[in-house]
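Residue numbers (our numbering), protein chains in the order written: chain A, 131 to 248; chain B, 21 to 187; chain C, 13 to 116; chain D, -5 to 413. All C-beta atoms, glycine included, are put in the ideal place defined by N, C-alpha and C.
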């Protein structure tokens, strides 16, 4: 196991203890008096109409989609950035091609109107 | 000893998450179980001297693919009901085939004498990886950007044109 | 590290692969099938990285492959979900048993 | 951490009264203490101090006094709020998915706290110097996105669900410019480790990165503000217009967890900006003093670091006090159509400049030196500054021409309606 990640594990446990401890303490201290009115959905006092699972438009999905593509691109660029100092000039040219192809993807999405919030 | 305990914790996350994905009727829970499984796998990668890959796993799977799946579940939500069975007619066949496959593979895994090396793991994983992306694996690297471009174009056309057709 | 033999990793990967295969074969919902596929790809990744660590620890080829697998999984998920959404909008269902005609 | 670990190890070596068979190693003890300090010291303190500070600063900007009744300068107000949150009844809406509903806020808080593992507080005080440092920061941020979606989805409230989807659209949009500006930093520093980044910001190596890469800094900081849901990017919360976004159904301690997540995230962003762009604990006399008397040097470094962090916190609150809120379409446009291309171009030009100044190959790598390698760190800094300003100038030209075109379209449309 890699040594330097042990602290990340310890910190994760401590960080999980924070909400667990906080909610546990509040559970012991706070009053528990639920009633039907309190548990209704909060809509500024109005009655809820219709079901919660409203239909969503597809723009949300398209933003997530473009994000996935660029996220993967960023993943590939991080090791390149670290190795960059130890590589000859061609490293720049290759990444230039890589980034330009993906910039083309961005331009395509832009021209297609996928980046418009209607 | 500690390592084995940590391994078991991650195994519970990975396999428990996987079991949840295939057994729960609620797709929302399935996606959350999937994220749990992915996180456990990131722990595996850290144990296997692949810290960078662990971060990639979290970023791409938990941060992007799980989110994308949740969005897609939301968009096709209307047809999803949790009270009817979620399995199809071949369920019984799958229940027979997959354990058989599992047993066969386990048999192979145990039988083969793996040439385990005892050399120390590489220290400069990141530098090596960057050098390999731009050296030996240059073509896959560049093709990957084309693949991402094609995926984006295809997905936008698929998702948008339908919307236009409905208007 | 050598406290954990290689076969443990391989067994977990096999179990995960079988789970994913079962999910992909038996579920009705297309998104659930996709999740099964993702599990299978992840099982392959465990194998790649474990082999890299135990058999050729000096170089990182297995990890490079795993990064490619993850990237392809992302592209696959993006397109697959777009197809599912398109199918849902056209046909009003994401049940693969009902999506059996080649022409919409 | 090494000096402290060695110190404790020496201390433990002399202990003969340890009750258990084998004492845990010094490193583990230090790490557990430090982890508990981060989770139970920094995080609640961030919430209490920052809420008070924010109310005071915003009040001053708006020509009010702010909290002034409880305690001197009203600072007990924040403590009172914390106690109120702790003892308040916590209602769960009837149709909520209970488990994810409770997990969501926890996940948000955990993801914010985890960032502190790689932020060095002072020379010698860092949780763990990961070689993937700034990449790790991007990774743990992903859990926050998932937590947001879980919180909104499980509430069984359509406004919470809508808010969660908007929030996630915003968070993922700004993750890209943030990641790309971090890549730019990694190219210039040649490493992702936060300690190496601080080391490379010594005056001899070219000085603070904010001087060398102002555009990268701006992109990072703005994207980070959007990631923390701070005004002017806080439209998913927008407490003066809508009640709240994804966390509308939360009350009591779970609401406090969402808030802790927000404020700790804000502190982490300020700490990261200070580490990456302002040299972290770097300042006059720190290193000399650290080499002579480690404790004093460490304290001085901590003071410098806190001063830089407070500066960034103040800037964030200043933004909130002065700037109006974005609309969602403007927000996404700003992320995708401006920050993302800008950061990509900036990455490419910075990489080119770095290549020009690259020193000859070290340790086994045969590489010719860049043509301008003789100028050293300061030369690199000034060249990067010039290239950054050039990119900014070109970007402003592009924005101007695009804005003119869209204004022309609007004018044409108006003329068409009138004619």
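At least one C-beta of chain A is nearer than 8 Å to the C-beta of residue 90 (chain C). Put simply, of D:382, D:348, D:111 and D:85 the residue whose alpha carbon is nearest the alpha carbon of residue 162 (chain A) is D:85.
Annotation: the continuous alpha helix (DSSP H) that includes residue 208 (chain D) extends over 208 to 221. Beta-carbon to beta-carbon, residue 236 (chain A) and residue 335 (chain D) are separated by about 7 Å, close enough to satisfy the 8 Å threshold.
Distance check between residue 80 (chain D) and each of A:150, A:240 and A:190 places A:150 closest, using alpha-carbon atoms only. Nearest CB-CB separation between residue 94 (chain C) and chain A: below the 8 Å threshold. A distance of 8 Å or more separates the beta carbons of residue 244 (chain D) and residue 117 (chain D). Among the residues of chain C, those whose CB is under 9 Å from the CB of residue 198 (chain A) are 86, 87, 89 and 90, following chain order. Between the region 208 to 216 of chain D and the region 62 to 81 of chain D, the count of Cβ pairs shorter than 8 Å is below three; the stretches do not touch. Put simply, the backbone Cα of residue 69 (chain D) is about 28 Å away from that of residue 220 (chain D). Taking the Cβ atoms as the reference, residue 153 (chain A) lies roughly 15 Å from residue 144 (chain D), outside the contact range of under 8 Å. With fewer than 16 other Cβ atoms inside 10 Å of its own Cβ, residue 4 (chain D) counts as exposed. Listed along chain A are 199, each with a C-beta nearer than 8 Å to that of residue 171 (chain B). In this structure, residue 22 (chain C) keeps its C-beta atom at 8 Å or more from the C-beta atom of residue 51 (chain C).
Look at the beta carbons and you see the region 133 to 143 of chain D touching the region 104 to 114 of chain D: at least three pairs across the two are nearer than 8 Å. Within the region 259 to 342 of chain D, complete alpha helix (DSSP H) segments of at least 4 residues are found at 280 to 286, 288 to 316 and 322 to 327, given in chain order. With a threshold of 8 Å between beta carbons, residue 58 (chain B) makes no contact with chain A. At the C-beta level, residue 39 (chain B) and residue 31 (chain C) come within 8 Å of one another. Rounded to whole angstroms, the gap between the alpha carbons of residue 71 (chain D) and residue 40 (chain D) is 14 Å.
For residue 165 (chain D) and residue 286 (chain D), the gap between their C-alpha atoms comes out near 45 Å.
Relative to the Cα of residue 54 (chain D), the nearest Cα in the group D:36, D:24 and D:308 belongs to D:308.
If only complete runs of 4 or more residues are kept, the region 18 to 84 of chain D shows the alpha helix (DSSP H) at 20 to 31, 37 to 55 and 70 to 81, in order along the chain. Proximity of chain D to residue 55 (chain B) at the Cβ level (cut-off 8 Å) is accounted for by 140, in chain order.
By the rule that beta-carbons nearer than 8 Å mark a contact, residue 23 (chain B) touches chain C. Selection B:125, B:127, B:117 and B:67 evaluated against residue 134 (chain A) yields B:67 as nearest (Cα-Cα). The region 75 to 84 of chain B makes no contact with the region 215 to 223 of chain A; the number of CB pairs closer than 8 Å stays below 3.
As the crow flies, the alpha-carbon of residue 138 (chain B) is around 43 Å from that of residue 374 (chain D). Residue 170 (chain A) sits in coil when the DSSP states are folded into three classes, being neither helix nor strand.
By the neighbour-count criterion, in which a residue is buried when 16 or more other Cβ atoms sit within 10 angstroms of its Cβ, residue 131 (chain B) is exposed. Against residue 204 (chain A), the close residues of chain D are 132, 170, 173, 174 and 177, in the order they occur along the chain (beta-carbon pairs closer than 8 Å). Taking all protein chains shown into account, residue 32 (chain D) has 16 or more neighbouring C-beta atoms within 10 Å of its C-beta and is therefore buried. Per DSSP, the continuous alpha helix (DSSP H) segment holding residue 229 (chain A) begins and ends at 220 to 241. If you draw a straight line from the Cα of residue 212 (chain A) to the Cα of residue 182 (chain D), it is about 9 Å long. When C-alpha distances from residue 204 (chain A) are compared across A:229, A:242 and A:240, the shortest belongs to A:229. For the region 64 to 93 of chain B, the set of residues with a beta-carbon nearer than 7 Å to any beta-carbon of chain D comprises 71, 72, 75, 78, 79, 82, 83, 86, 87 and 90, in chain order.
With 16 or more other Cβ atoms inside 10 Å of its own Cβ, residue 352 (chain D) counts as buried.
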